[in-house]
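These notes are about the structure you will find just below.
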Amino acid sequence: MPETEKARNAKEMIQEFGSFSTGNLSDAMDNLGLQRSVITGLRLLTRHEGKRLVGFAYTMKQMFRHPASSGAKLARHSEAINKLVKPGHILVIDAGGRTDVCNGGGLLALRAKVRGLAGFVVNGGYRDIDEINAFGFPIYARGATPVRSTPDLETVGFEIPVEIDSVQIHSGDILVADSDGILVIAPRFAQPILEEARSIAENEEKLLQMVREGMDFELAYSKVKL
Numbered sequence: 042m043p044e045t046e047k048a049r050n051a052k053e054m055i056q057e058f059g060s061f062s063t064g065n066l067s068d069a070m071d072n073l074g075l076q077r078s079v080i081t082g083l084r085l086l087t088r089h090e091g092k093r094l095v096g097f098a099y100t101m102k103q104m105f106r107h108p109a110s111s112g113a114k115l116a117r118h119s120e121a122i123n124k125l126v127k128p129g130h131i132l133v134i135d136a137g138g139r140t141d142v143c144n145g146g147g148l149l150a151l152r153a154k155v156r157g158l159a160g161f162v163v164n165g166g167y168r169d170i171d172e173i174n175a176f177g178f179p180i181y182a183r184g185a186t187p188v189r190s191t192p193d194l195e196t197v198g199f200e201i202p203v204e205i206d207s208v209q210i211h212s213g214d215i216l217v218a219d220s221d222g223i224l225v226i227a228p229r230f231a232q233p234i235l236e237e238a239r240s241i242a243e244n245e246e247k248l249l250q251m252v253r254e255g256m257d258f259e260l261a262y263s264k265v266k267l
């Protein structure tokens, strides 16, 4: 299959995932007997235009510096944003959940937006929230802090598995994030999950319409399959 067709199919799949809530997708995984992979400990810190953040993950793992480490720029956020993460993908930074230092600020978020990255998911802190809200870019993080990372953090790996809230994330996994949480989907399960989520969403809309029209909820619920 030509690369352009692969890219087109991937883009269409991501767009379809964006049409479903994390609730619909989580229910679909339950119905299919798949392990639920939901991160609930992060929150959307910044304004953005869409209802939800959707894209393929690109992972990086950070730790507080080893005593033998030296140098001024070991965190390598700019390298990831400038060179490594593909447009349309989501940079996932695992900093162990620590919020006493940040994992970037307004300039890096603006550069990511200009390059076409979909957003950031940060198991740690971020800063310059008001500045980022002026141009809009989705950042889900553990919290905000003004303290820079340069003296403290170093990146120990790119495109390696990371873990956030007991959920393992690989580069290439599909992330769907909204106000309810962040769902992590292995690409091999994408199509069956989409098909089940589509069925759930259609039946949910039927249920909502019956309730709007005044039908008893239990009666309406008995008429649809969720």
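Just so we're aligned: the sequence shown equals residues 42 to 267 in this note's numbering. Glycine included, each C-beta is placed from N, C-alpha and C at the ideal position.
Would you tell me roughly how many angstroms separate the C-alpha atoms of residue i and residue j, rounded to the nearest one?
i    : j    : result
Q103 : V155 : 24 Å
M42  : Y181 : Caution applies to M42, whose pLDDT of 48 falls short of 50 and renders its modelled position unreliable; the model cannot decide the point.
Y167 : P228 : 28 Å
A109 : R189 : 20 Å
I170 : V265 : 43 Å
L86  : V225 : 19 Å
L73  : P187 : 43 Å
A159 : G96  : 7 Å
N65  : A261 : 18 Å
V273 : K247 : Because the chain here runs from 42 to 267, residue 273 falls outside it and cannot be looked at.
R183 : I205 : 10 Å
R77  : A51  : 22 Å
G255 : K92  : 29 Å
K127 : F176 : 21 Å
M251 : D257 : 8 Å
Between residue i and residue j, is the Cβ-Cβ spacing less than 9 Å?
i    : j    : result
T63  : D221 : yes
L194 : L115 : yes
L83  : V142 : no
F61  : R239 : yes
F178 : A153 : yes
A98  : L235 : no
G138 : G165 : yes
Can you pull the DSSP bridge partners for residue i?
i    : result
L249 : For L249, which the question treats as bridged, DSSP gives no partner whatsoever.
Q209 : E204
F199 : M101
D219 : G222
Y167 : A185
Leaving out five residues on either side along the sequence, give the residues of the same chain with a beta carbon under 7 Å from the beta carbon of residue i.
i    : result
P233 : L73
E237 : A69, N72, L73
G145 : H118, Y167
Near residue i, what residues of its chain come up, given a Cβ to Cβ distance below 6 Å and the 5 sequence neighbours on each side ignored?
i    : result
G147 : D169, E172, I173
H211 : P202
Using a Cβ-Cβ cut-off of 8 Å (strictly less than) and excluding sequence neighbours within five positions of residue i, which residues of its own chain qualify?
i   : result
F58 : L66, V95, I215, V217, I226, A231, L235
L14 : Outside the shown range of the chain (42 to 267) lies residue 14, about which nothing can therefore be said.
- Task: Counting only runs of 3+ residues fully inside the region 94-164, write out the beta strand (DSSP E) ranges in chain order.
- Result: 94-105, 131-135
- Item | alpha helix (DSSP H) runs contained entirely in the region 48-94, provided each spans 4 or more residues | 63-72
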